[in-house]
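Per the numbering used here, the very first residue in the sequence shown carries number 821; after that it's consecutive. Yeah, the Cβ is synthetic: ideal placement off N, Cα and C, and Gly gets one too. Keep in mind that this is a model prediction, so the values were computed, not measured.
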Amino acid sequence: MTQPVQEDRTALVTGGTSGIGLAIAQRLQADGLRVAVLDLDRSQGRDVAAAHDLHFIGADLSRRADCRRAVEETVAALGGVDVLVNNAGFQHIDPIAEFPEDTWDTMLHVMLTAPFLLSKYAWPHLRRSGHGRIINVASIHGHVASPFKSAYISAKHGLIGLTRTAALEAGEQGLTVNAICPGYVRTPLVEGQIADQARTRGITAEEVEQKVMLEPAAIKRLLNPEDIAALASYVASRAAWGMTGAVLDLDLGWTAR
């Protein structure tokens, strides 16, 4: 097996011990980067990181101090931050009238405020890199809305705005800022949603995928985490030096209508 060329670059990937985040972390590692993964401080996350030879940072992104510490720990352990991947997030489904206020606050902090803070704290290191990269994992719901996902959709719309603004500020400083907007990806979270909808609607999991989740899409197939990781790999590469402020849709044709 060919060993990756060590690039002497480092990456911090939030939400990096499962799903899309883990796939991105593994792909960047295969590209030769040293990778730290951030997740809630749980034994399961630590075990996953250890199994893949990733540096684990236990942190709660709803806390400002943890955002700062995550960057500081990455620099101390790996020598810098050249690539920041803001991927962490979660979903909560409720109508606006019933949406818990504390859940709203937490979701916006984790998915919008934390990417701002991590970018802010990592900025000096990304500038020093000479080829710094910020990659924000947004969603097709950064473009379009669906009912019962008000906090999630508000955060993802905001993340695209943050991406574009940061890109304009970063251009003369040698770093790029881009967003990836996937459609539905086969992750444990989505698998859980499929099972829940199959139960409540009285239909099969396959029917949920095809008739509910993928109904607006041109390609009737869920993405895999590795598909998003492949795109992130290019965006993080030196070859992508001219790409900044881009909102990259990997959405199976969902938004082509």
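Coarse secondary structure for residue i, derived from DSSP in three states
i	result
residue 985	helix
residue 964	coil
residue 936	helix
residue 1023	coil
residue 958	coil
residue 875	strand
residue 1005	strand
residue 1038	coil
residue 866	helix
residue 1000	strand
residue 899	coil
residue 885	helix
residue 853	coil
residue 831	strand
residue 880	coil
residue 909	coil
residue 947	helix
Where residue i falls, given that 16 or more other Cβ within 10 Å makes a residue buried
i	result
residue 864	exposed
residue 1054	exposed
residue 900	buried
residue 876	buried
residue 837	buried
residue 839	buried
residue 925	exposed
Between the CA atoms of residue j and residue i - distance to the nearest angstrom
i	j	result
residue 821	residue 1050	Here the model assigns residue 821 a pLDDT of 44, short of 50, so the residue's position is not dependable and the matter cannot be decided.
residue 807	residue 845	No answer is possible for residue 807: the residues shown for the chain start at 821 and end at 1077.
residue 917	residue 1059	47 Å
residue 1008	residue 1031	20 Å
residue 898	residue 874	11 Å
residue 1003	residue 944	32 Å
residue 855	residue 828	11 Å
residue 927	residue 969	11 Å
residue 889	residue 879	8 Å
residue 1061	residue 852	18 Å
Test item: CB-CB of residue i and residue j under 8 Å
i	j	result
residue 931	residue 979	yes
residue 1073	residue 1025	no
residue 868	residue 833	no
residue 886	residue 960	no
Residue i: CB within 7 Å of a non-hydrogen atom of the ligand SAH
i	result
residue 1057	In the structure on display, the ligand SAH does not appear, and there are no ligands present to speak of.
Rounded distance between the beta-carbons of residue j and residue i, thought under 8 Å
i	j	result
residue 1014	residue 1029	6 Å
residue 999	residue 1067	5 Å
residue 982	residue 935	6 Å
residue 987	residue 1065	3 Å
residue 1036	residue 1005	Contact flag wrong, Cβ pair sits at about 16 Å.
residue 958	residue 940	Contact doesn't hold; Cβ gap of about 18 Å is too wide.
residue 1056	residue 955	6 Å
residue 830	residue 894	7 Å
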